[in-house]
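If you read the sequence shown in numbering that gives the first Met the number 0, its first letter stands for residue 0, the second for the next number, and so on.
Since the structure comes first, as structure tokens, the remarks are kept for the end.
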Amino acid sequence: MSAARDNLLKEIESDARETAGLTGRRSFAPRVMEALAGVPRHEFVRPGDRDNAYLNRARPIGDGQTISQPLIVALMTDLLDLEPDHRVLEIGTGSGYQTAVLSLLAGEVYTVETISRLSGTAKDRLNRLGYERIRFNVGDGHLGWPEKAPFDAVIVTAAAEEIPDALVTQLKPGGRMMIPVGPPAGSQSLILATKARSGAVDQRSVLPVAFVPLVRG
């Protein structure tokens, strides 16, 4: 697995250089790459997919959901500019892979999943693997987690047709949000939304993407 993981990291570094004209980042922060190197992706895929865990592509995890492509995980994480004391809201726990990466970079991670089975399985897995400072909730991702707001960063791992107002409200002034936006069967864009101290939100399209839809709870 270590050789496959090393090859994946080299591929991500190469892809970062090739997409820099779109993303604005020719390389990802060392902390982000170290977090990706430290998370055993084979623990977050289905048993039959373990041989393919370190391929740079999304994989199904059941219930119509996927574990995101590692390049996209790295890019979305990097663009959040996380600090060790940040509080992060994740919408779409899925298998818990992105959650694990976030937990190595931020102070606290609050993760919301609509599908209770996925949330429970991810919680058990992350606890077993020793990841800490993660809080889990089952609910509608469009609504965020208002009781735990505000957050320094928000990351959404499913495509919304528009950015939910509740997530903007729960983002701190000065905070950053990564979210894929677009219809389920149409063109989607990965959006970086930054919230000014005044509360105004600036949106920048980063990259064309294809995500599963953000469903209502």
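Cβ coordinates follow ideal geometry from the N, Cα and C atoms, glycine included.
Helix or strand or just coil, what does DSSP make of residue i?
i    : result
E10  : helix
A184 : coil
D139 : coil
P212 : strand
A3   : helix
G37  : helix
V200 : strand
V205 : strand
L21  : helix
L170 : strand
P145 : helix
R45  : coil
A159 : strand
L81  : coil
L128 : helix
L117 : helix
A192 : strand
What does a CB cutoff of less than 7 angstroms around residue i pick up in its chain, not counting 5 residues either side in sequence?
i   : result
H85 : A105, G106, D151, A152
R58 : V44, D48, N51, T65, I66
R30 : L104
Please state if the CB of residue j and the CB of residue i are separated by a distance shorter than 8 angstroms.
i    : j    : result
D62  : R116 : yes
D77  : F27  : yes
T113 : V214 : yes
P172 : G198 : yes
G91  : T156 : yes
I190 : E89  : no
Y109 : R134 : yes
L206 : L21  : yes
D176 : L166 : Position check: residue 176 holds Met in this sequence, whereas Asp was assumed. Yes, they are a contact pair.
D14  : L70  : yes
I222 : S102 : Nothing in the structure corresponds to residue 222, since the chain is present only between 0 and 216.
P183 : P212 : yes
W144 : V100 : no
A158 : G181 : yes
Starting from residue i, follow the beta strand (DSSP E) in both directions and report where the run begins and ends.
i    : result
P59  : 58-61
D151 : 150-155
Q68  : Run containing Q68: none; DSSP gives neither H nor E here.
Report all residues from its chain with a CB closer than 6 angstroms to the CB of residue i; omit the five preceding and five following residues, and keep chain order.
i    : result
D201 : T193
V208 : P179, Q187, L189
I'd like the list of long-range same chain contacts for residue i, defined as Cβ closer than 8 angstroms, with 5 residues on each side in sequence excluded.
i    : result
L8   : M32, L35, A36
V72  : L35, Y96, Q97, V100
R124 : E42, F43, S94, G95
R16  : R25, S26
Which residue marks the beginning of the alpha helix (DSSP H) containing residue i, and which one marks its end?
i   : result
A28 : Per DSSP, A28 belongs to no alpha helix (DSSP H) and is neither H nor E.
- Item | Start-end ranges of the alpha helix (DSSP H) lying completely within the stretch 86-115, minimum 4 residues | 96-102
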